[in-house]
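Going by my numbering, the first residue of the sequence shown is number 468, and it counts up by one from there.
Some notes on the structure that comes next.
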Amino acid sequence: MATPSFQLDPHSVLTKDMFLSVARRNTRTIIAAGLVSTLLLSGLLYTSDAPRSALHFVSSSFSSASTGSTSWPTQCSPEDWSDGEWVQKSPESYPLEHFLSLYPFNASDPQAPNYTPTPEVTRHPLAPLGFAGCASGRERDWHLGMHDDGTPDRNHPEMWSYVVRGASYDWIPKSPACRMYSEQVSREQFIRALVEQGGWFLVGDSVTEQHFFSMSCLLYPHVIATPDYAPHGGSGPRDWPQNLYLNPSSPLVDQLKPPAGFDIKRTPLVTFRRVDLLFEPSELDAIHLSMHNSSDSVPSTLFGPEASESYNLSPDKYLSIFTAPLPEANYKVLLVSTAGHWTTASLPGARDPSDVQKEATNPAVYKTFVEAVRVWTKKVSGALKEPSVGQGVKNSEKQVLIRAYLPGHEFDCHKETGPLTRAAIRVEGNPQLRFLGLDKPALLRPDAHSLSDCLHIQIGAGIFEGGHGTFGTLWRICECDLGLEDT
Numbered sequence: 468m469a470t471p472s473f474q475l476d477p478h479s480v481l482t483k484d485m486f487l488s489v490a491r492r493n494t495r496t497i498i499a500a501g502l503v504s505t506l507l508l509s510g511l512l513y514t515s516d517a518p519r520s521a522l523h524f525v526s527s528s529f530s531s532a533s534t535g536s537t538s539w540p541t542q543c544s545p546e547d548w549s550d551g552e553w554v555q556k557s558p559e560s561y562p563l564e565h566f567l568s569l570y571p572f573n574a575s576d577p578q579a580p581n582y583t584p585t586p587e588v589t590r591h592p593l594a595p596l597g598f599a600g601c602a603s604g605r606e607r608d609w610h611l612g613m614h615d616d617g618t619p620d621r622n623h624p625e626m627w628s629y630v631v632r633g634a635s636y637d638w639i640p641k642s643p644a645c646r647m648y649s650e651q652v653s654r655e656q657f658i659r660a661l662v663e664q665g666g667w668f669l670v671g672d673s674v675t676e677q678h679f680f681s682m683s684c685l686l687y688p689h690v691i692a693t694p695d696y697a698p699h700g701g702s703g704p705r706d707w708p709q710n711l712y713l714n715p716s717s718p719l720v721d722q723l724k725p726p727a728g729f730d731i732k733r734t735p736l737v738t739f740r741r742v743d744l745l746f747e748p749s750e751l752d753a754i755h756l757s758m759h760n761s762s763d764s765v766p767s768t769l770f771g772p773e774a775s776e777s778y779n780l781s782p783d784k785y786l787s788i789f790t791a792p793l794p795e796a797n798y799k800v801l802l803v804s805t806a807g808h809w810t811t812a813s814l815p816g817a818r819d820p821s822d823v824q825k826e827a828t829n830p831a832v833y834k835t836f837v838e839a840v841r842v843w844t845k846k847v848s849g850a851l852k853e854p855s856v857g858q859g860v861k862n863s864e865k866q867v868l869i870r871a872y873l874p875g876h877e878f879d880c881h882k883e884t885g886p887l888t889r890a891a892i893r894v895e896g897n898p899q900l901r902f903l904g905l906d907k908p909a910l911l912r913p914d915a916h917s918l919s920d921c922l923h924i925q926i927g928a929g930i931f932e933g934g935h936g937t938f939g940t941l942w943r944i945c946e947c948d949l950g951l952e953d954t
């Protein structure tokens, strides 16, 4: 795989810093499933006996009103951070109309496919999205809404202004103490934390994969991504492990102080594993049958030939990866998100214990989800209590974060020309648990989705990236607790 170049234009302002096609008729179901599943997950983990020092939570914005104050390691709580609005970037830092003029593309023009980028676009093709480049090669056009040469996605050329305008906003909290968290996260600072303090392991569905892709852009050119998708036409099996490694050509290499045992070629800084339903199918089947006392009146499997496709892995497998020692791993944070595939389409065999004669219903799926999370929490708790083996971040130092699922918007989201301006969001917490309500900004952005649907997020729109996005805010709000305050 080609190594990213470090010859960045010093005059460029912006280079610093699945459902692949959701059917319209299913949009409301997906939104409802995401919201309810996230609420259940947060509630069950809140009442679990998991180690309170190790499990932290990113709860849904639709949780109940706060019941008390929470002590935070920083001056900005998630509740304060979530009280804000999307503000269009200043013309000096983001010349919106200028970017729109650089990409003169008329979809009705028969010569449109022959459009040649201007020299300015050729020099900085991803400038409208705020990136110097992206390390990951997987489905780049879909993630970015544009091609690597700066031309619009040829499948959706009429939506070019939607892409550019979507990337023209910053999230600004009302609290002065929180506004410093809206500053762009330094790539160099982030790299140092991942190398010296420990990496991130992302587990979830295609929305979580978008988080991974966004990080590959945020940290570019200091990271390289595996696998190389070029020989596979930019795609490949969705359950392939994806990793970001420190780029040996990065000028940061000589400045970093990695822990003993760190291997630049073997120790990933960030890993993504596609896991839609927390467990592999046979484990979920066993959980479901246990809810019905192994009764013959329920299907033997939740899945079957009619089930929609999902990708899954046993928690025994991904927890063993998360807790592995150097040089194979040195993870500090496990970031988990689930909800989008907890539907009757994915689990047609789900039965409600109160009425097993009914076909799969949403309540039946949710009750299965409840029991699955109980089992999952026990497994996570047990893994974190195991004695550490070898070098690297100790199990007692690791963190597990449950991110609120981003439920998406209605099917006509691409008609939106800007963010929403109001939402009623309250975040519940207590002194022991960290509830990070990081989904409000995404809920206010129907204008920031991928071009193929209204569930996935447009990379570069600020939902994931920088100090304004999920990763940047998670990183900054938790920096003291995650040991990053000195990086």
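In this text, a Cβ means the ideal position worked out from N, Cα and C, and glycines have one as well.
Remember, predicted model here, so these are calculated numbers, not experimental data.
Beta-carbon proximity of residue i to residue j, cut-off 8 Å
i: SER635; j: GLN555; result: yes
i: LEU769; j: LEU736; result: no
i: HIS678; j: LEU686; result: no
i: LEU593; j: GLY604; result: no
i: GLU655; j: LEU567; result: no
i: ARG912; j: TRP553; result: yes
i: LEU751; j: ILE731; result: no
i: SER917; j: GLN925; result: yes
i: VAL662; j: PRO725; result: yes
i: ALA660; j: HIS755; result: no
i: VAL837; j: PRO792; result: no
i: SER764; j: VAL823; result: yes
i: SER781; j: GLU747; result: yes
Start-to-end residues for the alpha helix (DSSP H) that takes in residue i
i: ALA692; result: Segment 690-693 is the beta strand (DSSP E) holding ALA692; no alpha helix (DSSP H) there.
i: GLU676; result: 673-685
i: VAL630; result: 627-633
i: LEU910; result: 907-910
i: LEU793; result: LEU793 -> no alpha helix (DSSP H), and no H or E assigned at all.
i: ILE754; result: 748-758
i: ALA839; result: 829-852
i: SER568; result: 563-569
i: TRP609; result: 607-611
i: PRO815; result: That residue, PRO815, is in no alpha helix (DSSP H); it is neither H nor E in DSSP.
i: VAL720; result: No alpha helix (DSSP H) contains VAL720, which DSSP labels as neither H nor E.
i: GLU663; result: 654-663
Delimiting residues of the beta strand (DSSP E) encompassing residue i
i: LYS799; result: 798-803
i: GLY551; result: 551-555
i: ASP637; result: 636-640
i: ARG738; result: A small correction: the amino acid at residue 738 is Thr; Arg does not occupy that position in the sequence shown. THR738 -> beta strand (DSSP E) spans 737-741.
i: ILE869; result: 866-869
i: GLN709; result: 709-713
8 Å contact criterion, which residue i and residue j should meet: CB distance rounded
i: LYS907; j: SER681; result: Incorrect: roughly 18 Å between the Cβ atoms, too far for contact.
i: ASN797; j: GLY665; result: 5 Å
i: ALA850; j: LEU745; result: Rounded, the Cβ-Cβ distance is 14 Å, inconsistent with contact.
i: GLN866; j: VAL800; result: 5 Å
i: LEU868; j: LEU802; result: 5 Å
i: GLY929; j: ASP637; result: 6 Å
i: THR805; j: GLY671; result: 6 Å
i: SER821; j: SER777; result: Wrong, their Cβ atoms sit about 26 Å apart, outside the cutoff.
i: ALA644; j: ASP547; result: 7 Å
i: ALA753; j: PRO815; result: Between PRO815 and ALA753 the Cβ distance is about 17 Å, and since that is not below 8 Å, they are no contact.
i: PRO640; j: GLY551; result: 4 Å
i: GLU864; j: THR790; result: That belief does not hold up - the Cβ atoms of GLU864 and THR790 are roughly 11 Å apart, past 8 Å.
i: SER673; j: HIS923; result: 7 Å
Candidates the options: closest to residue i by CA position
i: GLN858; options: GLU795, SER813, ALA594 and ALA909; result: GLU795
i: GLY728; options: VAL630, VAL860 and PRO815; result: VAL860
i: ALA909; options: PRO772, ASP695, GLY633 and PHE566; result: GLY633
i: ASN779; options: THR618, VAL832, PRO624 and PRO704; result: PRO704
i: SER757; options: THR738, PHE789, ARG841 and GLY612; result: ARG841
i: MET613; options: LYS641, PRO584 and TRP638; result: PRO584
i: THR675; options: PRO698, GLU747, HIS808 and THR790; result: HIS808
i: GLN722; options: ASP743, TRP707, ILE658 and ALA774; result: ILE658
i: PHE931; options: SER683, GLU606 and HIS565; result: SER683
i: PRO595; options: ALA602, THR618, GLU853 and TRP609; result: THR618
i: ASP616; options: ALA602, ASP743 and VAL588; result: VAL588
i: ASP819; options: HIS591, PRO854 and HIS759; result: HIS759
i: TRP609; options: ARG590, VAL630, PHE598 and GLY597; result: VAL630
i: MET626; options: HIS923, ASP914 and LEU922; result: ASP914
i: THR738; options: GLY597, GLU853 and ASP706; result: ASP706
i: PRO586; options: LEU569, GLU864 and ASP783; result: LEU569
i: THR844; options: TYR833, ASP783, VAL832 and ALA831; result: ASP783
i: THR734; options: TYR561, PRO558, TRP667 and ARG607; result: TRP667
i: PHE598; options: PRO558, ARG741, HIS623 and SER653; result: SER653
The segment 822-829 in contact with the segment 691-700 per 3-pair CB rule at 8 Å: no
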